[in-house]
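Participant:
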Amino acid sequence: MKRVAVYPGSFDPLTNGHLDIIGRGALLFDELVVAVLQNTSKEPLFTVDQRLRTLRHVLRPMRNVHVDRFEGLLIDYVRRVGGSVIVRGLRAISDFEYEFQMALMNRHLTAEIETVFLMAGEDYSYLSSRLVKEVAQLGGSVRGLVPPQVEKLLAARFGRHPRRKSRK
Ligand code: ADP
């Protein structure tokens, strides 16, 4: 039986931490669906279409990874694509409580779908979309933290600021 896993998130923007989790998930499951949450309540930096385009471009070489969007209950979406696993990434302790609540709520809603937590490499364990956004907005370099496509999109959005040298 083919094991399909869904990795849901906002990916606003996609970071190398997400890519690390996607790489690990793709090795563990027959098919990994990266699903962008259409969340109307959040004020996004990039539109869902922009995020889908970026994800599709970056993930094109990965044969068993697909990109999609979803709204509504995650477990309904997972069922619809024939999935049995939800993949989430865990960073420091701060992620734990929220992820723990969500995993248990999803298990309460359906016992057939299991949540699996993966840890990114330690280089990315501090990395979040929110932090990347803040740094880019303030003119800092995000090179090595996001794929080059995302770096370009951030530069186009916020402009390139020359980095100020600190005075001795
Ligand atoms: P959300 O919008 O739910 O905060 P994101 O869309 O940023 O989450 O990320 C989706 C998933 O990827 C979440 O499970 C999040 O914990 C995980 N994730 C994001 N960045 C990293 C990282 N650097 N290392 C490990 N997991 C990560």
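For what it's worth, this note's numbering labels the leading residue of the sequence shown as 1, then goes sequentially. Heads up, the beta-carbon is just placed ideally off N, CA and C, and yes, glycines get one too.
#1: For Val146 and chain B, any beta-carbon pair shorter than 7 Å?
#2: Please find out if some non-hydrogen atom of the ligand ADP comes closer than 6 Å to the beta-carbon of Ala120.
#3: Out of Met119, Leu52, Thr47, which has the shortest C-alpha to C-alpha gap to Gly89?
#4: Nearest by alpha-carbon distance to Arg51: which of Gly144, Ser129, Glu134 is it?
#5: Check whether the Cβ of Leu153 lies closer than 6 Å to any heavy atom of the ligand ADP, and answer yes or no.
#6: Is it the case that the Cβ atoms of Gly186 and Val78 are separated by a distance below 7 Å?
#7: Measuring straight from C-alpha to C-alpha, what distance separates Pro13 and Glu151?
#8: Let me check you understand the geometry: is the CB of Tyr210 closer than 6 Å to at least one non-hydrogen atom of the ligand ADP?
#9: Please state whether the Cβ-Cβ distance between Gly83 and Val4 is less than 7 Å.
Facilitator: To lay it out plainly:
#1: The displayed structure is made up of one protein chain only, and chain B is not part of it.
#2: Locating residue 120 in the sequence shown gives position 120, where the first residue counts as 1. Because some heavy atom of the ligand ADP lies under 6 Å away, the Cβ of Ala120 counts as near it: yes.
#3: On the sequence shown, position 89 is the one that residue 89 refers to. When Met119, Leu52, Thr47 are compared, the shortest CA-CA separation from Gly89 is found for Met119.
#4: Your numbering for residue 51 matches position 51 in the sequence shown. For Arg51, the closest alpha carbon among the candidates Gly144, Ser129, Glu134 is that of Ser129.
#5: Counted from its first residue, the sequence shown places residue 153 at position 153. Checking the Cβ of Leu153 against the ligand ADP gives no.
#6: One cannot answer for residue 186 here, as it falls past the ends of the chain, which runs 1 to 168.
#7: As a first step, residue 13 is located in the sequence shown; it is residue number 13 there, counting from the start. As a first step, residue 151 is located in the sequence shown; it is residue number 151 there, counting from the start. Their Cα atoms are separated by approximately 10 Å.
#8: Any answer about residue 210 is impossible in this case: the structure gives the chain only from 1 up to 168.
#9: The sequence position of residue 83 within the sequence shown is 83, counting from 1. The sequence position of residue 4 within the sequence shown is 4, counting from 1. Going by C-beta atoms, Gly83 is nearer than 7 Å to Val4.
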